[in-house]
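When we follow UniProt numbering, the leftmost residue of the sequence shown carries the number 1, and every step to the right adds one.
In what follows, a structure is listed as structure tokens, so that the remarks can point back to it.
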Amino acid sequence: MDYSIKQNDVVAKAFKNAPNNNQMLSPKIQRDITECFAKEVLGHVMKEIGNGVFSLLVDECRDVSDKEQMAVVLRYLDKCGLVQEKFVGVVHVEETTSSYLKSCIDLLFSQLGLNLEQVRGQGYDGASNMSGEFNGLQAKIMNENKSAYYVHCFAHKLNLVVVAIAKKIFEVGDFFDMVSVLLNVVGASCKRKDQLREHHQEEVRKAIGCGEIATGTGLNQELSLQRPDVESTKRELEKLRTNEGWDSLMRKVYCFCEKHDIPVLDMEDAYVNPKKPRQKTGINNEHYYCVDCFFAVLDLLGEEFNDRFNEVNSELLLCMSALSPSDLFSRFDKAKLLKLAKHYPDDFNHQDMVTLEHELGLYIDNILHDTRFSSLDKIGDLAKLMVDTRKHLSYPLVYRLLKLALTLPVATATDVFLFSPATATVEVQPFPVAVGVALIQHDILLWLYSKK
1 MDYSIKQNDV VAKAFKNAPN NNQMLSPKIQ RDITECFAKE VLGHVMKEIG NGVFSLLVDE
61 CRDVSDKEQM AVVLRYLDKC GLVQEKFVGV VHVEETTSSY LKSCIDLLFS QLGLNLEQVR
121 GQGYDGASNM SGEFNGLQAK IMNENKSAYY VHCFAHKLNL VVVAIAKKIF EVGDFFDMVS
181 VLLNVVGASC KRKDQLREHH QEEVRKAIGC GEIATGTGLN QELSLQRPDV ESTKRELEKL
241 RTNEGWDSLM RKVYCFCEKH DIPVLDMEDA YVNPKKPRQK TGINNEHYYC VDCFFAVLDL
301 LGEEFNDRFN EVNSELLLCM SALSPSDLFS RFDKAKLLKL AKHYPDDFNH QDMVTLEHEL
361 GLYIDNILHD TRFSSLDKIG DLAKLMVDTR KHLSYPLVYR LLKLALTLPV ATATDVFLFS
421 PATATVEVQP FPVAVGVALI QHDILLWLYS KK
């Protein structure tokens with residue numbers, strides 16, 4: 001109750017006039033107070049959403065009493081242009097079939113005064129009852145709302161791509177096992193972490209002094225990982241798959257080995273299998289590392305990308321990237337944004353599409369001449385600044401498109417975090433594909449060299 005007294009003058013006055021023995025510590029009273037808080041919070045969330053659109057995030061698992069529970073989170077853009085993910089309830093479910101889960105969601109929506117027609121995105125795990133293309137929960141909701149696109153967390157998908165490669169190629173899996181051990185050894189000791197951090201900072205200072213790396217706002221931070229573009233990653237993988245990609249990699253490897261005094265293999269020598277050293281392999285080192293390792297990993301990466309990212313999801317993500325304000329809106333593409341709008345027929349009718357095409361031209365011209373937008377990097381920052389500068393009123397259709405893009409649960413796992421903190425670490429922290437590819441193409445080869 002101390003919190004309520006400090007936050008509300010009316011409550012504070014009431015307690016001041018109450019008898020000294022009126023502590024309100026009864027379990028029943030505490031439950032009533034908690035329920036009142038919950039209703040107030042839910043009421044505020046529903047008021048923020050209003051008749052607007054949102055994404056539905058759901059996860060289900062068993063609690064400590066061995067009962068199946070379903071957590072429900074709503075993702076939406078508030079009036080300030082900020083993305084909000086609000087937990088709205090835990091529902092006890094007797095079954096985990098898609099039909100039963102759908103009925104529970106319908107009941108919860110009716111209690112909250114929401115409608116399935118407001119849903120513009122769905123975010124679940126990869127279980128068949130949730131993500132099934134024909135009979136899963138996402139399919140049943142899409143049967144009623146074609147704009148409620150299902151997105152299995154892109155960050156998680158990217159992570160699963162790398163996990164699949166590690167399982168299929170022994171050397172890659174072995175490498176990540178060693179990295180895991182290394183992280184555990186370093187992470188278990190504050191002293192070792194401090195030593196590693198100091199060494200890294202010294203290396204950065206030396207590299208800056210030599211002009212090897214650039215400086216600037218946000219650069220060279222310990223946790224500054226760039227969010228990957230899936231389509232850009234695919235194109236980069238295709239470039240790496242060529243002989244030029246292999247040659248470029250080898251130049252970096254040779255430079256790294258020379259810098260750190262690591263012996264380099266003669267690529268023309270015959271390859272020796274460490275498991276069967278007496279058996280002739282009939283290939284040289286270059287063939288093994290280039291074809292059997294490097295190209296094999298890239299081919300599997302391509303297959304995994306195609307399997308895990310369907311055409312609609314990939315197109316949505318590609319079109320959304322045209323809204324990015326980074327590098328002075330260098331990715332802006334009117335055609336892609338119009339294509340994105342066509343995915344939401346309930347939000348953009350024929351007249352809206354005609355108006356949007358004209359509005360996009362005015363919008364990009366105005367934004368490029370406004371210095372307040374010149375240093376933006378993320379779409380979320382763009383939405384907030386548009387509200388702050390009231391440009392969301394000048395370009396309402398562009399802002400509507402921006403709102404839809406931010407509502408889609410591309411990389412989020414609030415609902416998973418509620419139940420599974422251990423798994424949430426994987427979900428919430430996106431695994432940058434650029435980092436994954438770098439590890440595979442660079443460090444694995446170096447580690448293989450060192451084993452020789």
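Where a beta carbon is used, it is the ideal one built from N, C-alpha and C, also for glycine.
Look at Arg278 here: in three-state DSSP terms it is coil, with no helix or strand label. Secondary structure note for Leu340: its alpha helix (DSSP H) is the uninterrupted segment 334-342. Proximity to Gly282 across Asp269, Asp194, Val88 peaks at Asp269, based on C-alpha coordinates. Taking the Cβ atoms as the reference, Val186 lies roughly 6 Å from Lys193, within the contact range of under 8 Å. DSSP places Phe87 within a strand segment (E or B) once states are collapsed to three. Around the beta-carbon of Ala335, fewer than 16 other beta-carbon atoms lie within 10 Å, marking it exposed. Straight-line spacing of the CA atoms in Pro277 and Glu171 works out to 17 Å. CA-to-CA, the gap between Gly136 and Pro396 works out to about 35 Å. For Arg241, no alpha helix (DSSP H) encloses it, and the DSSP letter there is neither H nor E.
Assignment of Asp59 by DSSP, reduced to helix, strand and coil, places it in the strand class.
Annotated three-state conformation of His200 is helix, per DSSP. Across the set Glu236, Thr97, Glu357, Asp266, the C-alpha of Asp266 shows the shortest separation from the C-alpha of Met250. Taking the CA atoms as reference points, Glu236 sits about 9 Å from Gly245. With 16 or more other Cβ atoms from the protein chains shown falling within 10 Å of its own Cβ, Arg120 counts as buried. Contact between the region 27-44 and the region 381-393 is absent, with fewer than three C-beta pairs closer than 8 Å.
Our two residues, Cys255 and Cys290, have alpha carbons roughly 18 Å apart in a direct line. The residue from Leu112, Asn159, Cys104, Ser98 with its alpha-carbon nearest to that of Phe134 is Ser98. Counting the other Cβ atoms within 10 Å of the Cβ of Ala71 gives 16 or more, which makes it buried. Here Ser128 is exposed, its C-beta having fewer than 16 other C-beta atoms within 10 Å.
With a cutoff of 8 Å on beta-carbon distance, Tyr149 and Leu298 are scored as not near each other.
For the pair Ser55 and Leu112, the Cα-to-Cα distance works out to about 15 Å.
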